[in-house]
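Respectively, the protein sequence lines represent chains A and B.
If you want the numbering used here, it's the 1-based position in the first sequence plus 1.
If you want the numbering used here, it's the 1-based position in the second sequence plus 300.
Backbone N, C-alpha and C fix where the C-beta goes; we use that ideal spot for every residue, glycine too.
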Amino acid sequence: MTERLQVAEFRNEYDLIDAVSAVRESGVEIVDAYTPFAVHGLDKAMGLKKSRLNQVCFMFAFLGLTIGVLGQYWVSAINWPINIGGRPWNSLPAFMPVAFEVTVLFAGLGTVFSFFAWRKLKYGKQSLQPSLRATNDRFYLVMKQGQQRKSNSTVSEIIHVHHGEMVDA
Amino acid sequence: MAKKFKIKQSQFNWLSGATAIGVLTLILGVLFSERIWPNILLAAWYITGIGFSGIMFVAIHYVSNAGWGVAIRRIPEAMFSALTIGFILMILVVLGAHHIYEWTHLDVVAKDLILQGKQPWLNLPGFIIRIPIYFGLWLLFGRPILKHSRLQDEDGDKAHTQKSVRWSAAFLYLGGIAFVIASFDWIMSVEPHWFSTIFGFYNFAGMFDAGLAFMIIVLIFLRRGGYLPELKNDHLHELGRYLFAFTTFWVYIWFSQHMLIWYANLPEETGYYLKRHFGSFGVLAVLNICLNWLIPFTILLFRKTKRSEKSLLLASAIVLVGHWTDLYMMIFPPLLDTAVPVFGLLEIGIVVGIVGVTLWVVLARISKGNMVPTKDPYLQESLNLHT
Numbered sequence: 002m003t004e005r006l007q008v009a010e011f012r013n014e015y016d017l018i019d020a021v022s023a024v025r026e027s028g029v030e031i032v033d034a035y036t037p038f039a040v041h042g043l044d045k046a047m048g049l050k051k052s053r054l055n056q057v058c059f060m061f062a063f064l065g066l067t068i069g070v071l072g073q074y075w076v077s078a079i080n081w082p083i084n085i086g087g088r089p090w091n092s093l094p095a096f097m098p099v100a101f102e103v104t105v106l107f108a109g110l111g112t113v114f115s116f117f118a119w120r121k122l123k124y125g126k127q128s129l130q131p132s133l134r135a136t137n138d139r140f141y142l143v144m145k146q147g148q149q150r151k152s153n154s155t156v157s158e159i160i161h162v163h164h165g166e167m168v169d170a
Numbered sequence: 301m302a303k304k305f306k307i308k309q310s311q312f313n314w315l316s317g318a319t320a321i322g323v324l325t326l327i328l329g330v331l332f333s334e335r336i337w338p339n340i341l342l343a344a345w346y347i348t349g350i351g352f353s354g355i356m357f358v359a360i361h362y363v364s365n366a367g368w369g370v371a372i373r374r375i376p377e378a379m380f381s382a383l384t385i386g387f388i389l390m391i392l393v394v395l396g397a398h399h400i401y402e403w404t405h406l407d408v409v410a411k412d413l414i415l416q417g418k419q420p421w422l423n424l425p426g427f428i429i430r431i432p433i434y435f436g437l438w439l440l441f442g443r444p445i446l447k448h449s450r451l452q453d454e455d456g457d458k459a460h461t462q463k464s465v466r467w468s469a470a471f472l473y474l475g476g477i478a479f480v481i482a483s484f485d486w487i488m489s490v491e492p493h494w495f496s497t498i499f500g501f502y503n504f505a506g507m508f509d510a511g512l513a514f515m516i517i518v519l520i521f522l523r524r525g526g527y528l529p530e531l532k533n534d535h536l537h538e539l540g541r542y543l544f545a546f547t548t549f550w551v552y553i554w555f556s557q558h559m560l561i562w563y564a565n566l567p568e569e570t571g572y573y574l575k576r577h578f579g580s581f582g583v584l585a586v587l588n589i590c591l592n593w594l595i596p597f598t599i600l601l602f603r604k605t606k607r608s609e610k611s612l613l614l615a616s617a618i619v620l621v622g623h624w625t626d627l628y629m630m631i632f633p634p635l636l637d638t639a640v641p642v643f644g645l646l647e648i649g650i651v652v653g654i655v656g657v658t659l660w661v662v663l664a665r666i667s668k669g670n671m672v673p674t675k676d677p678y679l680q681e682s683l684n685l686h687t
């Protein structure tokens, strides 16, 4: 069964943020908001949970650091020790730059691909927009439609109070 | 808008008391101990760094057109007045140059080919002339920025912002170069045989770290006193990010200097680290890394800690102590009779003096104007900050 949604259009981000708070207070569930640019404070107004991507990033970074240090140690001290300028084989300062780069590489790529997997993004995926103007000059709020007629009319009232319009999507 | 800040009588007593302890230690030290001279140099460089980083912060914000920092701008602006104290202390350093700088001893230079080669730059008359040039450059470009900021409070003219942007660009360029050369002149030449081309950036990183930490502490002090009610935790968050980034920058530069010297393994370069990273100074070297990077980095890694006054205060205090340790490691080892770090009443007295006099001049400057630049065109943007 597909859910029925309703879409509201706004002309600026301040109206959108105010409307989001009001709609949430009235008990209607918000599916998503579409804006042409990142709107500060919108995540707070929508009550979005903090992203856990930074924890993923930290874990990948730690993995990268471990691999970077242990890998170099194995290569230059265990598997194929080479005498470079009389330095000890396990010279930690020399490992640092590479370990750092591997850390950054793992953290960066790991975070991006985790995000792709998490959001099921793949090549050729069609973007779902309420309207193409969401990429240009309009702000959209997508909400779930309530079961009763009454709640739907209150939603459109709230939207009108905040200078928005209900549109067909 | 907010009420104006006034130094209370009790605060005045504390600050002037601390300054008096510093001055007293200074006088007694000059009379009775050789060790006072590196202490004065450290104090001079520390306080100059606080003053310089304040105007650097303001200039970076002007040039990058950053709006968020406008509401807190009066604090870094006030820090600029610490440069006066730095200048006075540098004049004292000139008086004691013979106790600090080996290259001022002409008999030593006569026997030393390397020092003879450096003599065109490292000589006492040049050293004395360059001090007012550095401070003059900083003042020449720094003062107009402050002046326009004050004038804008009265007439609200946007042209002041545009003029400040130009002065800031010039300051970042010429003032920055002056800072790098000053660090070569005053600190690196304590060990005249040794050289490191990244030394200026290393000092810049530490100096900016300490300046940010100082700024955060003054900011939280004023906020708790109710003088900056319009500031949100988002402003703390931004400053916490700044501090987090620059502690990491510091360790990055520290490692860059250390690794290249370790890797090249040239005798005249590694001697510097032999003195500092082995023996009892080695403990201090580890402490230096922990205080300047590891501990503040770990504290500020989380979003919550960047937004809380308590953890920011803790991290800032650690960074300030760490910067002192860092400078101690740069200046003291060749000048001590012993191969052991010394920390006695002399150091404590001077540190108390540094804290007292710096806070005093900065707070006195803050109490002279509005708490925020009330008519800056970016003020509203700064107050609406979201992070």
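**Prompt:** Residues of chain B with CB under 8 angstroms from residue 86 (chain A), in chain order?
**Reply:** 565
**Request:** Could you tell me which chain B residues have their CB closer than 8 angstroms to the CB of residue 89 (chain A), listed as they occur along the chain?
**Result:** Here the premise fails: no neighbours, minimum Cβ distance about 12 angstroms.
**Exposure label - residue 620 (chain B); buried when at least 16 CB within 10 Å** = buried
**Prompt:** If contact means a Cβ-Cβ distance below 7 angstroms, which residues of the stretch 28-47 of chain A contact chain B?
**Reply:** 41, 42
**Request:** Go through its chain and collect everything with a Cβ distance to residue 613 (chain B)'s Cβ below 7 angstroms, but skip five positions before and after it.
**Result:** 517, 520
**Prompt:** Nearest to residue 440 (chain B) by alpha carbon, out of B:488, B:459, B:478?
**Reply:** B:478
**Asked** Do residue 649 (chain B) and the ligand ZN come close, with the Cβ less than 8 angstroms from some heavy atom?
**Response** Absent from the structure shown: the ligand ZN. Ligands present: none.
**Request:** Within the same chain, show all residues whose beta-carbon is closer than 7 angstroms to that of residue 396 (chain B), passing over the 5 residues directly before and after it, in chain order.
**Result:** 337, 340
**Item:** Closest Cα partner of residue 381 (chain B) within the set B:442, B:526, B:371
**Value:** B:442
**Prompt:** What in chain A is Cβ-close to residue 535 (chain B), meaning under 8 angstroms?
**Reply:** Within 8 angstroms Cβ-Cβ: nothing; residue 535 (chain B) doesn't reach chain A, min ~14 angstroms.
**Prompt:** What is the DSSP secondary structure of residue 583 (chain B), counted as helix, strand or coil?
**Reply:** helix
**Message:** Between which two residues does the beta strand (DSSP E) holding residue 166 (chain A) run?
**Reply:** 166-168
**Prompt:** How would you call residue 455 (chain B), buried or exposed, if buried means at least 16 neighbouring beta carbons within 10 angstroms?
**Reply:** exposed
**Request:** Quick one: residues in its chain with C-beta nearer than 6 angstroms to the C-beta of residue 404 (chain B), no 5 flanking neighbours on either side, listed in chain order?
**Result:** 397, 398, 424
**Asked** Can you find a CB in chain A that lies within less than 9 angstroms of the CB of residue 593 (chain B)?
**Response** no
**Request:** Report all residues from its chain with a CB closer than 8 angstroms to the CB of residue 472 (chain B); omit the five preceding and five following residues, and keep chain order.
**Result:** 356, 359, 360, 363
**Interface flag, residue 562 (chain B) vs chain E, CB-CB below 9 angstroms** = Of the protein chains in the structure, A and B, none is chain E.
**Cross-chain neighbours of residue 559 (chain B) in chain A, by beta carbon under 8 angstroms** = 94, 95, 97, 98
**Message:** Which complete beta strand (DSSP E) runs does the stretch 5-36 of chain A hold, if anything under 3 residues is left out?
**Reply:** 6-11, 31-35
**Message:** I'd like the list of long-range same chain contacts for residue 458 (chain B), defined as Cβ closer than 7 angstroms, with 5 residues on each side in sequence excluded.
**Reply:** 677
**Item:** Per-residue burial, residue 638 (chain B) [other beta carbons within 10 Å of its own, 16 or more giving buried]
**Value:** exposed
**Request:** Sort A:85, A:20, A:49 by Cα distance to residue 564 (chain B) and report the nearest one.
**Result:** A:85
**Prompt:** So what does residue 144 (chain A) bridge to, in DSSP terms?
**Reply:** A:7, A:31
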